[in-house]
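Beneath this line is the structure, given in structure tokens, with notes to follow.
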Amino acid sequence: MKRGRWALRAGFCAALLAKVVSPGCAAGDDPPSKINSLRVLAVTADKPYAAPGETIHFSMEVHDGGGSGQPVEITWIGGCFDPEGDLYYACFEDLAGAFTEEAGGGSEVTIAQGQGLTEFSLTLPEDIISRRPPPAAGPHYGIAYLFFIACAGTLKYMPEAASGEAGSVSLPFGCFDENGARLGADRFVPGYTQIYSFADGRGNENPKVEGFLFNGAPAPEDDDALPVVKTCPLSEDERRASGCSADDPFDVCPAFPIDVIVDPSVAELDPGATTPEGDVLREIVWVGYFADKGDIDGDTALVSGAVEGFHGDHGARWIAPAEPGITTLWAIARDSRGGTTVLRRRVRVE
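Below, the structure written as structure tokens:
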């Protein structure tokens with residue numbers, strides 16, 4: 177899970193492309209919007225851009241949709257500042273030192289680990305910018321990497337994977353069950369996020385989202401007042417069979433609109449993006465919708481474009497699962513400079 181500007185834009189484009197090229201007569205795979213395994217949906221920083229010496233507070237939105245009930249161990253690893261070439265895997269040598277008995281003093285690496293540890297704080301060095309020379313072109317900045325891991329088992333350090341070379345681009349850890357078997361991606365989620373610090377003092381706020389709409393009305397946060405809907409009695413295979421003679425599940429079952437309430441001015445100016453004439457553009461803002469049960473149609477929507485501005489139509493549709501119970505819905509707004517805002521609501525299915 178990357179939080180670089182290019183990665184976020186690429187992820188948004190890939191999500192839209194998938195809607196165009198997905199074929200279907202046979203049942204397909206579950207879409208990314210369905211949370212039926214261990215997933216880290218977002219890591220939110222209260223200051224996506226921060227000043228030297230500032231402390232940033234991080235919050236992880238993690239959900240285990242696999243239903244195993246296994247406790248999730250969360251690990252945070254901070255303290256990699258200004259790696260060579262701004263490459264995240266150039267941090268691995270320092271990480272290796274922090275996880276071995278030979279680790280010497282003076283390391284900036286900070287580690288926190290525990291079950292359900294969804295909060296973490298990291299302080300930037302005072303010299304995060306000044307320790308590196310100004311570039312020949314572009315803004316003078318420093319960069320901090322924060323690595324995180326969610327493991328529904330026991331995390332183990334794997335030194336053989338810690339070379340930090342271009343061919344080794346995954347964190348040097350594995351997640352193992354009680355029998356020592358290595359767990360796969362549905363039970364082990366590693367990733368990283370970035371924080372920038374600019375000499376010109378530019379900042380970035382997380383996208384301001386004012387509310388979550390379910391079926392046209394504000395969705396309550398109180399579990400005593402959850403919206404109630406009926407089940408949709410389609411099997412998983414019937415839901416995944418699209419095209420040919422298959423019925424569209426969103427025509428067969430009641431489809432409930434979901435949306436976020438955002439102001440048209442949600443996108444901030446992005447000093448790093450300009451037109452050929454030198455005019456400053458606004459950041460890109462989009463929203464992704466997720467559910468641990470049921471299905472979502474239109475799970476990624478553009479909220480504000482760099483050139484055209486605000487898009488008023490940024491909602492999606494959700495249909496209920498076949499089984500009764502509580503469904504969790506998420507709306508996660510992101511901007512192209514690393515800002516994130518998470519809204520979570522629940523629906524009762526009977």
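Residue numbers (the working numbering): 177 to 526. For every residue, glycine included, the Cβ atom is placed at its ideal position computed from N, Cα and C.
_Cβ-Cβ distance between V518 and E249 below 7 Å_ = As a first step, residue 518 is located in the sequence shown; it is residue number 342 there, counting from the start. As a first step, residue 249 is located in the sequence shown; it is residue number 73 there, counting from the start. Contact: no.
*Does DSSP put V461 in a helix, a strand or coil?*
The residue you call residue 461 lines up with position 285 of the sequence shown. The answer is strand: DSSP assigns V461 an E or B state.
*Is DSSP giving V428 helix, strand or coil here?*
On the sequence shown, position 252 is the one that residue 428 refers to. DSSP places V428 in helix when its eight states are reduced to three.
*Can you grab the Cα-Cα spacing for the pair V533 / D511, in whole Å?*
Because the chain in this structure spans residues 177 to 526, residue 533 falls outside the shown range and cannot be described.
*What are the boundary residues of the beta strand (DSSP E) that G367 is part of?*
Translated into the one-based positions of the sequence shown, residue 367 becomes position 191. Element bounds for G367: F364 to F374.
_Three-state class that DSSP yields for L331 in the structure shown_ = By one-based count along the sequence shown, residue 331 stands at place 155. Of the three classes helix, strand and coil, the one that applies to L331 here is strand, per DSSP.
_Under 8 Å: do the stretch 262 to 273 and the stretch 223 to 230 share three or more Cβ pairs, one atom per stretch?_
With a cut-off of 8 Å, the stretch 223 to 230 and the stretch 262 to 273 do not count as touching, because too few Cβ pairs lie within range.
*Could you check which residue in L322, Y321, L347 and I319 has the C-alpha nearest to that of K332?*
Looking up residue 332 in the sequence shown gives position 156. Nearest C-alpha to K332: L347.
*Kindly indicate which three-state DSSP category E499 falls into: helix, strand or coil?*
Walking along the sequence shown from the start, residue 499 turns up at place 323. E499: coil per DSSP, three-state reduction.
_Cα-Cα separation, Q291 to V385_ = Counted from its first residue, the sequence shown places residue 291 at position 115. Counted from its first residue, the sequence shown places residue 385 at position 209. Answer to the nearest angstrom: the Cα atoms are 29 Å apart.
_Selection from T220, Q289 and D399 that minimises the alpha carbon distance to T504_ = Reading the sequence shown from its first residue, position 328 is the one you call residue 504. Cα-wise, what sits closest to T504 is D399.
*To the nearest angstrom, how far is it from the Cα of K210 to the Cα of F234?*
As a first step, residue 210 is located in the sequence shown; it is residue number 34 there, counting from the start. As a first step, residue 234 is located in the sequence shown; it is residue number 58 there, counting from the start. The straight-line gap from Cα to Cα measures roughly 24 Å.
_S373, buried or exposed, once every other Cβ within 10 Å from all chains shown has been counted against 16_ = In the sequence shown, counting from the first residue as 1, residue 373 sits at position 197. Buried: at least 16 other Cβ atoms inside 10 Å.
*List the endpoints of the continuous beta strand (DSSP E) containing G387.*
For this step, residue 387 is matched to residue 211 along the sequence shown. In the DSSP assignment, G387 falls within the unbroken beta strand (DSSP E) covering V385 to F390.
*Quick check: the stretch 355 to 371 against the stretch 472 to 488, are there 3 or more CB pairs under 8 Å?*
Verdict: no, contact absent.
*For V479 versus V438, is the C-beta distance shorter than 7 Å?*
For the purposes of this step, residue 479 is taken as residue 303 along the sequence shown, with counting starting at 1. For the purposes of this step, residue 438 is taken as residue 262 along the sequence shown, with counting starting at 1. Closer than 7 Å, so yes.
_Rounding to the nearest angstrom, what Cα-Cα distance links C256 and P207 in this structure?_
The count along the sequence shown starts at 1 and reaches residue 256 at position 80. The count along the sequence shown starts at 1 and reaches residue 207 at position 31. Computed Cα separation, rounded: 34 Å.
*Cβ atoms of C408 and A496: under 7 Å apart, would you say?*
As a first step, residue 496 is located in the sequence shown; it is residue number 320 there, counting from the start. As a first step, residue 408 is located in the sequence shown; it is residue number 232 there, counting from the start. Yes. Within cutoff.
*Burial state of R363 (16 or more Cβ within 10 Å)*: The residue labelled residue 363 in the question sits at position 187 within the sequence shown. Its Cβ being crowded by 16 or more others within 10 Å, R363 is buried.
_Local conformation of G261 per DSSP, three classes_ = Here residue 261 refers to the residue found at position 85 when the sequence shown is read from its first residue. In the three-state reduction of the DSSP assignment, G261 falls in the helix class.
*Tell me whether V523 is buried or exposed, calling it buried when 16 or more other Cβ atoms sit within 10 Å of its Cβ.*
Locating residue 523 in the sequence shown gives position 347, counting from the first residue. In this structure V523 is buried. Its beta-carbon is surrounded by 16 or more other beta-carbon atoms within 10 angstroms.
*asked:* Could you compute how far the alpha carbon of G379 sits from the alpha carbon of G514?
replied: Sequence index remark: in the sequence shown, residue 379 carries index 203 (1-based). Sequence index remark: in the sequence shown, residue 514 carries index 338 (1-based). Their Cα atoms are separated by approximately 11 Å.
*Simplified DSSP assignment, three categories, for R358*: Mapped onto the sequence shown, residue 358 falls at position 182. Here DSSP, grouped into helix, strand and coil, assigns R358 to strand.
_Integer Cβ distance of L322 from I508, believed to fall under 8 Å_ = Sequence index remark: in the sequence shown, residue 322 carries index 146 (1-based). Sequence index remark: in the sequence shown, residue 508 carries index 332 (1-based). The Cβ separation is near 18 Å, so there is no contact.
_Classify K406: buried if its beta carbon has 16 or more other beta carbons within 10 angstroms, exposed otherwise._
For this step, residue 406 is matched to residue 230 along the sequence shown. Classification for K406: exposed.
*Quick one, are the C-beta atoms of G491 and D424 less than 7 Å apart?*
Mapped onto the sequence shown, residue 491 falls at position 315. Mapped onto the sequence shown, residue 424 falls at position 248. No, the pair does not count as a contact, with Cβ atoms beyond the cut-off.
*asked:* Could you tell me the alpha carbon to alpha carbon distance between G280 and V456, rounded to whole angstroms?
replied: Within the sequence shown, numbered from 1, the residue matching residue 280 stands at position 104. Within the sequence shown, numbered from 1, the residue matching residue 456 stands at position 280. Low confidence applies here, because G280 scores a pLDDT of 47, under 50, leaving its location unreliable and the question unanswered by this model.
*In this structure, does DSSP put G514 in helix, strand or coil?*
Numbered from its first residue, the sequence shown carries residue 514 at position 338. Coil at G514, not helix or strand.
*Would you call G254 buried or exposed, if buried means 16 or more other Cβ atoms sit within 10 Å of its Cβ?*
Translated into positions along the sequence shown, residue 254 becomes position 78. When all chains shown are included, G254 counts as buried.
*Would a C-beta distance cut-off of 7 Å place F349 and G329 closer than the cut-off?*
Walking along the sequence shown from the start, residue 349 turns up at place 173. Walking along the sequence shown from the start, residue 329 turns up at place 153. Contact flag unset, no.
*Under the rule that 16 or more other beta-carbon atoms within 10 Å means buried, what is A477, buried or exposed?*
Here residue 477 corresponds to residue number 301 of the sequence shown, with the count starting at 1. Around the CB of A477, 16 or more other CB atoms lie within 10 Å, so the residue is classed as buried.
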